[in-house]
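Chains as they are written, first to last, in this note's numbering: chain A, 1 to 432; chain B, 433 to 1051. For each residue, glycine too, the CB sits at the ideal point set by N, CA and C.
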Amino acid sequence: VIFFFKQKTAYEIAQRLVGSEMCIRDSYISVGDKGGRIILFKRAQGTSKGSSKIIDYGYFNEFQSHESEFDELKSTEIEEKINRIEWLNRQYHSLFMLTTNDKKIKLWKIFNKEEKKVYGLNLEGGAKALKSLKIPKVKKGGKVVTAQLKKSFQNAHDYHINSLSQCADNEHFLSADDLRVNIWNMNINNEVYSAVDVPVENKDDISEVITSASFHPTDPNIFMFSSSKGAIKLCDFRVNSQYDKCSMDYCLPEDSQKKNFFSEIINSISYACFTKNANYMFSRDYITVKTWDLRKNKTPVLNLKLCGYLERKLCDLYESENIFDKFEISASPDSQYMVTGTYSDSFHVVDRLGGSAVTLSATFDNPKASPIGMYNNELEKKPITLPTFDFSHKIQQACWHPNSQAIAVANYNCLFVFNGSQAQAQHLLPFI
Amino acid sequence: MCIRDRYQRRVHGIQPFRKIMATPDKTSIQAIALLIDDLKNEDSKKRLNSVKNLSLIAQSLGPERTRTELLPFLMELTDDDDEIMITLGEVLGGFTELSGGPAHVFTLSRTLETLACAEESTVRDQAIESLKKIISTVKISEHQTEIMELLKRLSNNPESFTGKIACASIFPHCYMQLSASFQQELIGLFRLYAKDECIQVRKSASMNLKHLIGLIPKYPEAEATTLFQHFCKDEQDFVRFYCVDSLLAICKIIPFSKSSAYLLTFIKSCVEDKAWRMRFMLADKIVEISKCLDHDTIASHLLGCFVAFLQDPESEVRTIAATRSAEFCKFIDGSSIIKKILPALKKLSTDSFVHVRKALSESLLQIAPLIGGVGTNEHILPMFLTLLKDDNTEVRLPLLKNLEELNKAVGIEAMSANLVPAITQLANDKKWRVKMTIIDYLPILAKIMGEGSFTDRFGGMCLSWLDDNIYAIRESAMKNLQQLTIILGSKWAEKNVLPKLLSYQMHTNYLFRMTPLFAVQMLVPHLSQEGIEKIIVPFMLNQIADKVPNIRFNIAKGLKVVAPYVKNSSLQTAITKALTQLSSDPDLDVKYFSSKSYTVAQQCLLTLSKLAYLSLIHI
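The structure is reproduced here in C-alpha cells:
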C-alpha cells in the first residue's frame, strides 16, 4: 500500500537550500542553508482533523551556525555552507544538534533561556557611593530560545565532511569525509578515533571514496559506510579494531556486459541509511534504489530502477554535469517505505515490499499534492517516468519524520511538508 | 566605566588575591564589590574570574550572608557556559567552612545538586565530586534524613536521568553510616538502576558496583553478587566492561572457594565474548586478579585464558596481554611458562603489528629470571635475537632496558657478538631521540661488560657524541660519561675521557668549546684530587681570556663547582685571582657569575688556610 500524501506546509526561505541539509526530530525540523544558518521549524499544536493527526510545522527560530573562514595553511576559503545536521537523541529537556560545514563540526544546545536582568549592582553609583557589599537582585523576564555553542570539533578531516551520525550510546558520533571515518566522544574535542582511514599514496590514484556513513540505530558498535564503487561496508567494532577485518560488504558484482562510459559515475552510492528497525539498509545511486537485508550481503532484496528514465539522457546529463548530483534517501519509521528526490521538482516514494512507487511534486501550484505518476511492479510493465524533464529543478533532500507519516522536502529555497493518510490512499488508489 | 576598568585591573592582575583583613579597607571592599557585580557580567571571562574568586566574596560576606544571599544568587549561574559551571562546581566543593561549617552543608548542596543534574557530563562529574567532598565534611550518622532527602531529590529528578547517575555515584560514599532502614531503601534504589531502561544509568550503576562490593558485609553479599551476575549478562558491552572491576573487588573480599562458581562463568564468558574490548579489559586486569587468587586456581583457570589472549585475533588484546606477560608469569611455575606461554610469545615476536612486538620486547627479558639460565638460553635468547633484528627501532630499544636480567641468566658474553652490531646500528640512527635513548642505556651495559671490553667496543662511540650537532645528544653524552665515571672509576675517566674532552677547547665554534666546561662540572665530584688539580683546574684557568662571554661566565660557574675540591692553597689562590680578574669583565653576565663564584672560592681559600694553621699548631 502506498500512502497518498497531502501537502500541508510550504515555506520560502531567503537563502537557497540546494546542496544543504535538513533533519527532523519529533517536533522540530532543522534546515541548514548556504549561508551557514540553521532555520528551525516547530510542529504546530492542535491541528488534528478527525481521527488522523495532521502534522504541520511553523517557523520557530534561526541562528548562525557557521561563518566562512580562511584556511591559511592551504590558502583556501572554507565555505559556511552547512553540509549535515544531526539532532541528538538525548533524553534531556533541551535540544542538542550537531552541524557541520566542510571542515568544522559544532555541537549546539538549543534551549529556552530565561532572560535575567540584574539590578542593584554594588558599583552602580560609582565607587564613592559604596557603603557595604550587597548581592545584586535578579529580575526574571520571559524565556528566549537560545542556541549555545557547546563544542566544536575540527582539524580531523583533510577532505570535505559528508556525513554526521550519532551513536546509539548517545556519547559518540561519527563524521566522514572522502577517505576517513572519525569517531568522536561528544565531550572530547582534542582526541578522535579514526575508525576508517584509507591509506593513499598518490592523490591521483584514488579510485574509491566514502560517500556517506552512518551508525546503526540501536547497536553502538556497528556502523556502515557507502562508497563510490557502489558498495556498502558494515563494520562491527566488537570483532576487531581494524575496520577491514570486521566489515561485511554489501555489493552486487559488476556486470561487464552492461558496463559503459557512465557506469562508474552512476554506480556511486550517493546516500545510504539504516531503517529504523535496523533490519535493512536503503541505498540510492543515480538510477536505482536498493534495499539490503543486513543478514544477506550477496544480493539486495529490492533492486529497483527507479530513475530508469534518466538512462537515455546520460550524455546530456554528463554535458551539464547533472550526472554528479547527489540524491539522498530516507526511510519511513515503519521501515517499509523510502523517499528520495529527483528532477523536475519531483520525488519518489517507494514501497520496499512490492517495489511499487508513487511520484509527487513539491511545488506551490499543486496544493493537493496529487501524485503525478504511479508505478506498480506487479501490474505494470511500463517503466516509471516523469511528465516533464527539467534538470535545473531538482530535489536532493527529502526526509521522513522519525515516528509519523510525514515527509519534509527541500526544493530550491522552499520547504514542503507532506502528510500521509492511509484512508484516502485506499480510496484513490483502488488498483493497488 | 573608568573606575570599573581600573578596579578590574586590580582584581584581574593580582593573583592570588591577598587575604581580606578582619576590617577590610575601602579599596578591597570595592574590589570585592566588583567581583560580585561581575558574577552576572555579559563578558564570560569576567564571570569566570568572579566565580574563581568566589571564596573571597564569601569571606567578605561572612557565613550568614553567604547562605542567605550568595548561594541563592549562584543558582542564576547554573545555566551558564560549561566552563563557568565546572568552575562553580569545583569552587563550591570547598565551601563548607565558608557557608558556616558542617551544620549548613545541606543549604550549600542545593546549587551543586542542580549542577549534578546538568545535561553536560563534564559539569555533572565535577559537581558529583564536590558533592562527595562536602558530604565527607559532615558526620553522616547525624544527618541521615538530610542525606536521604538529597539522594532522593537527585534520583527523582523529573527532567532527566542524569540525577540517577549522580545518585549512583554518591551513595556508596555515605552508605556505611546510614541506618539499616535507609540502607534497605538505597539497596532497592540501586536494584532499580541496574535494570533501568537508560543505558547510561545502567553503566553508572555497573561502574559503582565495585564500591558497594567493597562495603561487604555491611552491604549484603548476596545482593552484590546477584547484581554482578546481572551486569555480566547486560546486552551492552560498555555496561559489561565494569564487571571486570567488580570481579576484582569480589576477589579481594570474598574467598574464592565461595565465589568460584559465578566468577569462573564470568571469566569464561569474557574470553568468549564477541566484543574484543571486553577481552581487553580482562587481559588488562589479569595481574591484579591473580594477586588475589592462589597458584592452583591461576594455573587451572587463568593460564588458559591468558594464552588465549596472547593468540587473540585482535591486535589490541595481544598487545595488552604481551605487556602484562612478565608480571603474570610471576604467578606461574617455570615449566608451565616454557610449555604454555613462551610458544605463544614466540609467535608474537613476528607479529605483523608493531605495537604488539614492542610490548613483547618490553616484557620479554623480565621473564628470564623466572625460568633460569637453561630455559632462557633455549627459549628467550632466540626471540631476543629475532627482536633485536626488527626493522622498527621502537621494537629494538626496549630490549636494552632489561639487558641486566638477561645478563644474570645467561651472561652477556654469550651474545655480545650480536649485541654490539645491533647497538652500533641504533646509535647511528638518523632519529636523534633513538640515539639519545641508546646513550641512556650505555651505563647499564658498562656495568655488565666491565671496563676492558666496554672501552674496546663503545669507548670511542661515547666520546664521539660529544661533538654531535644536537645539544640534547651532547648533554646526554655528558651525563653518560658522568655515569660511566661512577661505574668504571676515576682512573678510567682520566685515561680515556679527559684527553679527548679537553681537546675541544681548541674548537672554532664556541658552542663546542662549552661542552668540556659543562662536562667538567658533572665529572668533578667523581674524579681523583690529583686529576682535578693537575688537569682540570689548569685547563679552566687557561681559557679565562676566551673572546666569547658565554665561555667566560661558564668558566666562572665551573670554578665555583671545582673550588671546594681543590686542596692546594696556591692553586686555590690562582682560582681566586682568576675570578677577581673576571669580576671586572666588561660583560654584565660574566661579572655577575664571577662575583658569585668569587665568594665561594674565597670561602674555600679561608678554610684551607685555617686547616693549614691548625695543622701547624698540631705540629
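Using a threshold of 8 Å, state whether the C-beta atoms of residue i and residue j are closer than that.
i: B:SER562; j: B:ASP513; result: no
i: B:TRP708; j: B:GLU748; result: yes
i: A:TYR159; j: A:LYS137; result: no
i: A:SER346; j: A:CYS273; result: no
i: B:HIS774; j: B:HIS811; result: The question names His, but residue 774 of chain B is Leu in the sequence shown. In contact: B:LEU774 and B:HIS811 (Cβ atoms closer than 8 Å).
i: B:PHE614; j: B:SER638; result: no
i: B:TYR607; j: B:LEU647; result: yes
i: B:ARG828; j: B:VAL852; result: no
i: A:ALA168; j: A:PHE237; result: no
i: B:LEU468; j: A:LEU133; result: Here residue 468 of chain B turns out to be Ile, not Leu, going by the sequence shown. Taking 8 Å as the Cβ cut-off, B:ILE468 and A:LEU133 qualify as a contacting pair.
i: A:ALA362; j: A:HIS348; result: no
i: A:GLU328; j: A:THR340; result: yes
i: B:SER793; j: B:LEU777; result: no
i: A:SER175; j: A:THR100; result: yes
i: A:ILE265; j: A:ILE210; result: no
Specify the secondary structure class of residue i as computed by DSSP and reduced to three states.
i: A:ARG284; result: strand
i: B:LEU920; result: helix
i: B:VAL993; result: helix
i: B:ALA909; result: helix
i: A:ASP236; result: strand
i: B:GLY427; result: Limits of chain B in this structure are 433 at one end and 1051 at the other, which puts residue 427 of chain B out of reach.
i: A:ALA168; result: coil
i: A:ARG352; result: coil
i: A:ILE210; result: strand
i: A:VAL200; result: coil
i: A:ILE269; result: coil
i: B:ILE799; result: helix
i: A:GLY50; result: Residue confidence is low: A:GLY50 scores 48 on pLDDT, short of 50, so the model does not pin down where it sits. Its coordinate-derived value is still stated next. If DSSP states are grouped into helix, strand and coil, A:GLY50 belongs with coil.
i: A:MET374; result: strand
i: A:SER27; result: coil
i: B:VAL980; result: coil
i: A:MET97; result: strand
i: A:MET359; result: Rather than Met, the amino acid found at residue 359 of chain A in this sequence is Thr. Correct three-state label for A:THR359: strand.
i: A:TYR119; result: strand
i: A:GLN64; result: strand
Run through chain A and tell me which residues come within less than 9 Å of residue i, C-beta to C-beta.
i: B:GLN462; result: ASN122, LEU123, ALA127 and LEU130
Identify the contact partners of residue i in chain A, using a Cβ-Cβ distance below 8 Å as the criterion.
i: B:LEU624; result: The premise fails here: B:LEU624 is roughly 17 Å from chain A at the closest Cβ pair, so nothing lies under 8 Å.
i: B:ALA559; result: The contacting residues do not exist; B:ALA559 stays about 15 Å from chain A at best.
Who are the neighbours of residue i on chain B, taking C-beta pairs under 8 Å?
i: A:ALA241; result: Per the sequence shown, residue 241 of chain A should be read as Ser rather than Ala. Within 8 Å Cβ-Cβ: TRP708, GLU746, SER747 and GLU748.
i: A:ASN221; result: ASP669 and ALA707
i: A:VAL138; result: LYS472, PHE505 and GLU508
In chain A, which residues lie with their C-beta within 7 Å of the C-beta of residue i?
i: B:GLN1004; result: Residues of chain A passing the Cβ test: none, with the nearest at roughly 57 Å.
i: B:ASP514; result: LYS150
Quick one: which chain B residues come within Cβ less than 9 Å of residue i?
i: A:ASP169; result: ILE631, GLN632, LYS635, GLN668 and PHE670
i: A:ARG238; result: ASP669, ASP705, LYS706, ALA707, TRP708, ARG709 and MET710
i: A:HIS93; result: GLU551, GLU591 and SER592
Mind pulling the chain B residues with CB within less than 7 Å of residue i?
i: A:LYS113; result: ASP511
i: A:ASN267; result: Within chain B, no residue comes near A:ASN267; the closest Cβ sits about 33 Å away, beyond 7 Å.
i: A:ASN189; result: Per Cβ cutoff of 7 Å: no residues; A:ASN189 is ~11 Å from chain B at best.
i: A:ILE135; result: ILE468, GLU501, LEU502 and PHE505
Within its chain, find whatever has a CB closer than 6 Å to the CB of residue i; leave out the 5 residues flanking it on each side and keep chain order.
i: B:CYS549; result: ASN589, THR594 and GLY595
i: B:ALA791; result: THR751, ALA754 and THR755
i: B:MET453; result: For B:MET453, the predicted model reports a pLDDT of 40, less than 50, meaning its position is unreliable; a value from the coordinates is still stated below. No residues qualify anywhere along the chain.
Keeping to the same chain, check which residues put their C-beta closer than 7 Å to that of residue i; ignore five residues upstream and five downstream.
i: A:LYS290; result: SER283, PRO300, LEU302 and ASN303
Short of 8 Å in beta carbon distance, which residues of its chain neighbour residue i, apart from the five on each side in sequence? Order them along the chain.
i: A:GLU67; result: GLY36 and GLU80
Requested in this report: Decide yes or no for the touch test of the region 476-486 of chain B against the region 503-513 of chain B: beta carbon pairs closer than 8 Å, at least 3 of them.
Outcome: yes
Query raised in the report: Touching or not, the region 1027-1042 of chain B and the region 991-1005 of chain B, by the rule of three or more beta carbon pairs under 8 Å?
Result: yes
Query - Stretch-stretch touch, CB-based, cutoff 8 Å, three pairs: the region 139-147 of chain A with the region 108-118 of chain A - result: Short answer: they touch.
Query raised in the report: Does the count of Cβ pairs from the region 232-249 of chain A and the region 298-312 of chain A closer than 8 Å reach three?
Result: Put simply, the region 232-249 of chain A does not touch the region 298-312 of chain A. Fewer than three CB pairs are less than 8 Å apart.
Query raised in the report: Per the contact definition of three or more C-beta pairs closer than 8 Å, is the region 912-920 of chain B in contact with the region 934-944 of chain B?
Result: no
Query raised in the report: Do three or more CB pairs link the region 528-538 of chain B to the region 566-583 of chain B at distances below 8 Å?
Result: The region 528-538 of chain B vs the region 566-583 of chain B: in contact.
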